[in-house]
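Just so you know, we're using this note's numbering here: the sequence shown kicks off at 6 and counts up by one. Contents: one structure, followed by commentary.
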Amino acid sequence: MRRLLGNEGGFTLVELAIGLVIIGLLIGAILGGSQMIANAKNRRQTQDLRGLYGAVYTYFDKFLQLPGDENADGYFESDSAVWGAIESENLASQSKRSPFGAKYFFGADTAASPAAHRNGNFIEISLPKDVAENIDKQLDDGIDSTGIVTTSSDYTGTGRCDLYYFLD
């Protein structure tokens with residue numbers, strides 16, 4: 006009977022240690038990979054905004070007028086007019102979505118008390134607040150109510166806010 010019990014084997018401390026090291030490496034790789042994905046989405050979001058900015062000014066260089074500015078007053082008339090003009094020149098596609106799932110909108114604010122903290126033409130996108138703050142730091146001053154990048158709310162908390170990228 007003793008002989009049968011003596012042959013029963015279990016994991017040694019070395020085998021357990023190796024197993025734990027392998028599990029730790031796998032968890033580290035997964036967490037590192039998710040951070041790489043988040044960074045790539047942030048970079049793509051910034052590139053998308055710069056690309057739409059470029060599309061507007063490429064159109065302007067060609068026609069000496071902003072896309073969607075049908076009465077030539079220097080302001081976009083409507084989102085659909087801007088998209089129609091830049092799509093007709095194959096500069097951008099309205100079906101393009103943000104890496105965070107939102108649609109891009111073109112707008113103009115000419116009111117004396119603008120909701121977006123300033124007057125002018127802008128690209129609007131709804132983003133998570135931390136992403137909006139990151140983009141503001143990359144393209145502007147990092148302050149939600151000043152500069153060419155403003156938002157509908159501050160960067161604290163969770164949720165989404167509307168980011169306005171002004172086309173000066």
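Heads up, the beta-carbon is just placed ideally off N, CA and C, and yes, glycines get one too.
Quick one: grab the DSSP three-state call for residue i.
i	result
Leu18	helix
Gly38	helix
Leu71	coil
Glu82	coil
Phe127	strand
Gly112	strand
Leu171	Note on residue identity: the sequence assigns Phe, not Leu, to residue 171. DSSP places Phe171 in strand when its eight states are reduced to three.
Leu25	helix
Leu96	coil
Thr156	strand
Using alpha carbons as the reference points, say which of the options lies closest to residue i.
i	options	result
Gly106	Ile130, Ala116 and Ser98	Ile130
Gln52	Ala121, Ala97 and Arg165	Ala97
Lys108	Trp88, Thr155 and Thr17	Trp88
Gly79	Ala121, Ser85 and Val61	Val61
So residue i and residue j are supposed to be a Cβ contact under 8 angstroms. How far apart are they, rounded?
i	j	result
Gly112	Phe127	6 angstroms
What's the C-alpha gap between residue i and residue j?
i	j	result
Ser158	Ala137	10 angstroms
Leu69	Asn124	21 angstroms
Lys67	Arg48	28 angstroms
Glu82	Asp74	5 angstroms
Gln99	Glu92	7 angstroms
Gly162	Val26	36 angstroms
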